[in-house]
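*Asks:*
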Amino acid sequence: MAKTKELSKDVRDKIVDLHKAGMGYKTIAKQLAEKVLIVYAHQSTGSFNAAAKDAAVTALTAQGCKVEVSDLYAMKFKASATVDDITGNSLNQCFT
1 MAKTKELSKD
11 VRDKIVDLHK
21 AGMGYKTIAK
31 QLAEKVLIVY
41 AHQSTGSFNA
51 AAKDAAVTAL
61 TAQGCKVEVS
71 DLYAMKFKAS
81 ATVDDITGNS
91 LNQCFT
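Each residue of the sequence shown is one higher than the one before, starting from 1 at the first, in full-length UniProt numbering.
What follows is the structure, encoded as structure tokens:
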């Protein structure tokens with residue numbers, strides 16, 4: 001079974017306090033304001049990937065999460081490195 005990430009004692013205590021105050025899980029999630037980063041990489045805004053990203057943003061925002069989308073195509077991100085990307089001295093002379 002996969003190991004899960006434990007919440008800190010402060011977060012657990014806050015959840016218990018909010019629950020004792022009568023708040024439901026959706027309200028508690030909004031109070032905790034989880035941060036979510038979505039890394040999106042597709043050239044077409046009409047793609048399935050774009051629709052999945054939009055649905056995730058909508059659902060997570062509705063749950064009270066702070067959502068940030070990093071659009072790699074909008075950033076003109078290059079997935080491959082070239083010799084021009086290497087700066088400084090190289091220990092391996094075949095790269096110079």
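In this text, a Cβ means the ideal position worked out from N, Cα and C, and glycines have one as well.
Owing to the predicted nature of the structure, the values given are computational and were not obtained by experimental measurement.
In the DSSP output, what is ILE28 paired with across the bridge?
*Replies:* In the sequence shown, the residue the question calls residue 28 occupies position 28. None, per the DSSP bridge assignment.
*Asks:* For LYS35, is the classification buried or exposed, using 16 other Cβ atoms within 10 angstroms of its Cβ as the cut-off for buried?
*Replies:* Taking the first residue of the sequence shown as 1, we reach residue 35 at position 35. LYS35 should be labelled exposed.
*Asks:* What three-state label does DSSP hand ILE15 in the structure shown?
*Replies:* Position 15 of the sequence shown, counted from the start, is the residue given in the question as residue 15. If DSSP states are grouped into helix, strand and coil, ILE15 belongs with the helices.
*Asks:* Quick check on the DSSP output: the alpha helix (DSSP H) that includes VAL57 runs from which residue to which?
*Replies:* Mapped onto the sequence shown, residue 57 falls at position 57. Taken as a continuous stretch (DSSP letters only), the alpha helix (DSSP H) holding VAL57 covers 48-62.
*Asks:* Thinking just about the alpha-carbon of each residue, which of VAL39, GLN63 and LYS20 is nearest to the one in GLN31?
*Replies:* Here residue 31 refers to the residue found at position 31 when the sequence shown is read from its first residue. Of VAL39, GLN63 and LYS20, the residue nearest in Cα terms is GLN63.
*Asks:* Might you give, ordered along the chain, the residues of its own chain that have their beta carbon closer than 7 angstroms to the beta carbon of MET1, omitting 5 neighbours on each side?
*Replies:* Your numbering for residue 1 matches position 1 in the sequence shown. Caution is warranted here: a pLDDT of 49 is assigned to MET1, below 50, making its placement in the model unreliable, and the coordinate value is therefore given only provisionally. Here the set comprises nothing.
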